[in-house]
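J.: Protein chains in written order, with the numbering used here: chain A, 1247 to 1678; chain B, 9 to 164. The structure follows.
Encoded structure:
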């Protein structure tokens, strides 16, 4: 029987063009049908020096399906190199060329001697969603661009976390993670966003270790880098939001990097003092029973679902209802991730549901007894159902239409405070 | 079900003529993956350009008087009078000539001609390869489409 998928929360793997776009002066060269880039680009925050409307594209049609599109791909790359001033050209293939069997890798290899690096990532939609596409791009960089370094720099750490553009806070989050690492005495290296780019990519092999802050996305990448470049990795599964998780995170990173414990503790104490000063000041608001909801659900990718569930439970003392993970997490990671949801303070446990169908998610939200109005942190698709249930809704995951985020973040001590501000702003509005 | 493919070629070996330059087309009958030549259709001279045709007349009327295009039969070739060739009028006899075909293969084709063929549900392919290669690839493509099977190379 045919299956229907209602309002899924991800895009096809070709949307990894956004991962490329997030690398300053890197341009995706699309081997796909016309219109793919337009449909896959997000409404806001994706204009600039390169934007989806100008991504070079082979715009393949029926003729290329019948006769193959490799000649067109060759000329598109050739001309992109001539007319677009970029530092890195990443050829991404859509469904059609991969179905009909165009050997795009072969075409790209003909540009091995080009002045600028041209690499290739297979991102056909049928191979997976944009989370996997993101991994394909990083893998392509590792496989085709990076070489093992002779020596590595002490304290130099590559950070891998959010999927650019898919996560609305990607830029702010990665910068805040950098700041936290700097404070405990490490030198962070990231490749996404303003002021980062090809030089940071070239620096990847010199890192002492890779820090992956994500339940599953990019685990493949850091494992590949370990194998090819000899860089060990620390896999920290929970996005640290708020004091409890961030302190835990800094201690673990400090231990892995063999940093002076007292220095790490000093940083933690300083941050916690200010964090709890703010929490104390607003204790009256937190203790006002009627303001905030008793139970909450997060509808987001594994990264946000886990990070925010831990934050709301461990820091804010809320009780988790069902948590919905919507990124089509590969089956091999699910058990581990679900176990993390059982590992909460106060002996609390949350049930993680891996579900990509919004209809089923909304039915589950309707059925659950939230002991009052629900608090739902999710995508814009969840706004209507939350409003029907007279609950409080905050748009924290894709699709995002209720919020504009430039470089705000939810990571770390400050990020936790920002998220509390947002949640309580929504909650207090009910009483205006 | 079999169908016809028209090919613009001088030597019958390579697809070496543009739609505009072709004075006729080799017509092949395709049944599944089986290719059979059934003949050559030549454009009758008095049919090009057909000034009695109302569309042609209307388009010609709209042209400035001093526009003379000695190469009207080249319409769609991208040479001479260009791919547009002052409208669709000059194309019609040629399109009519192959109106029972499912597809046309030629070296080059202009936008107007492509649209005229599209209206008659004729898929045009402008390619630079041998006739045999073109017919094999196109018949394999249509065969898969007709039998609703995947276009994957391995045919799964």
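No residue lacks a Cβ here, since even glycine has one placed at the ideal position from N, Cα and C.
What distance in whole Å lies between the Cβ atoms of residue 1524 of chain A and residue 1663 of chain A, which are believed to be in contact at a cut-off of 8 Å?
T.: 6 Å
J.: Take every Cβ of the segment 1554-1568 of chain A, pair it with every Cβ of the segment 1482-1490 of chain A, and state whether three or more of those distances are shorter than 8 Å.
T.: In the pairwise beta carbon analysis, the segment 1554-1568 of chain A is classified as touching the segment 1482-1490 of chain A: at least three pairs are separated by under 8 Å.
J.: Beta-carbon within less than 8 Å of residue 1498 of chain A's beta-carbon, same chain only, minus the 5 sequence neighbours each way: which residues are those?
T.: 1480 and 1482
J.: Could you tell me the distance, in whole angstroms, from the CA atom of residue 1313 of chain A to the CA atom of residue 1334 of chain A?
T.: 29 Å
J.: In whole angstroms, what is the alpha-carbon distance linking residue 1541 of chain A and residue 1584 of chain A?
T.: 19 Å
J.: Take residue 1660 of chain A and list the residues in its own chain whose beta-carbon comes closer than 8 Å to its own, dropping the five residues that flank it on each side.
T.: 1422
J.: Start and end of the beta strand (DSSP E) containing residue 42 of chain B?
T.: 42-50
J.: Mind checking if residue 12 of chain B is an interface residue toward chain A, Cβ cutoff 8 Å exclusive?
T.: no
J.: Specify the secondary structure class of residue 1406 of chain A as computed by DSSP and reduced to three states.
T.: Collapsing the DSSP output to three states places residue 1406 of chain A in a strand.
J.: Would you check if the segment 1256-1270 of chain A and the segment 1359-1378 of chain A touch, i.e. whether three or more CB-CB distances between them fall below 8 Å?
T.: yes
J.: What does residue 1372 of chain A reach in chain B if we use C-beta pairs closer than 9 Å?
T.: Under the 9 Å cutoff, chain B gives no residues; its nearest Cβ is about 10 Å from residue 1372 of chain A.
J.: If contact is defined by three or more beta carbon pairs under 8 Å, each pair taking one atom from either stretch, is the segment 1270-1281 of chain A in contact with the segment 1589-1600 of chain A?
T.: With the rule of 3 Cβ pairs closer than 8 Å, the segment 1589-1600 of chain A does not count as touching the segment 1270-1281 of chain A.
J.: At the level of alpha carbons, what is the spacing between residue 1607 of chain A and residue 1547 of chain A?
T.: 13 Å
J.: Step through the CB atoms of chain B and report whether any lies within less than 8 Å of the CB of residue 1253 of chain A.
T.: no
J.: Quick check on DSSP: helix, strand or coil for residue 75 of chain B?
T.: In this prediction, residue 75 of chain B has a pLDDT of 44, which is less than 50 and means its spatial position is unreliable; what the coordinates show is noted afterwards. Looking at residue 75 of chain B - three-state DSSP - the assignment turns out to be coil, as it is neither helix nor strand.
J.: Can you find a C-beta in chain A that's less than 8 Å from the C-beta of residue 103 of chain B?
T.: Cβ-Cβ to chain A under 8 Å: no for residue 103 of chain B.
J.: Tell me which residues share the same chain as residue 1678 of chain A and place their Cβ nearer than 8 Å to its Cβ, disregarding the 5 neighbours each side in the sequence.
T.: Correct list: empty, nothing qualifies.
J.: Please identify the residue among A:1268, A:1485 and A:1371 whose C-alpha is closest to the C-alpha of residue 1458 of chain A.
T.: A:1485
J.: Please list, in chain order, the chain E residues whose beta carbon lies closer than 7 Å to that of residue 159 of chain B.
T.: This model lacks chain E altogether; the protein chains it does include are A and B.
J.: Can you give me the C-alpha to C-alpha distance between residue 1311 of chain A and residue 133 of chain B, rounded to a whole angstrom?
T.: 11 Å
J.: Any heavy atom of the ligand COA inside 7 Å of the beta-carbon of residue 1639 of chain A?
T.: The ligand COA is absent from the structure shown, which contains no ligands of any kind.
J.: Taking C-alpha atoms, which residue in A:1308, A:1301, A:1341 and A:1342 lies nearest to residue 1322 of chain A?
T.: A:1301
J.: Using 8 Å for Cβ pairs, my map puts residue 1350 of chain A next to residue 1327 of chain A. What's the rounded Cβ distance?
T.: Contact doesn't hold; Cβ gap of about 16 Å is too wide.
J.: Let me check one thing: in DSSP terms, what residues is residue 1364 of chain A bridge-paired to?
T.: A:1335
J.: Which chain A residues are close to residue 146 of chain B, counting only those with a beta carbon under 7 Å from its beta carbon?
T.: 1312
J.: Going by the beta-carbon positions, is the gap between residue 23 of chain B and residue 135 of chain B smaller than 8 Å?
T.: The answer is yes: Cβ separation under 8 Å.
J.: Is the separation between the beta-carbon of residue 15 of chain B and that of residue 139 of chain B shorter than 8 Å?
T.: yes
J.: Please report how far the alpha carbon of residue 1332 of chain A lies from the alpha carbon of residue 1267 of chain A, in whole angstroms.
T.: 11 Å
J.: Is residue 1293 of chain A helix, strand or coil by DSSP?
T.: Of the three classes helix, strand and coil, the one that applies to residue 1293 of chain A here is coil, per DSSP.
J.: In three-state terms, what does DSSP make of residue 1455 of chain A?
T.: In this structure, residue 1455 of chain A counts as strand in the three-state DSSP scheme.
J.: Which residue wins for smallest C-alpha separation from residue 1534 of chain A, given the options A:1670, A:1472, A:1427 and A:1551?
T.: Restricting attention to A:1670, A:1472, A:1427 and A:1551, the CA atom closest to the CA of residue 1534 of chain A is found in A:1670.
J.: Could you say if the segment 1606-1622 of chain A and the segment 1515-1529 of chain A meet the contact criterion of at least three C-beta pairs nearer than 8 Å?
T.: no
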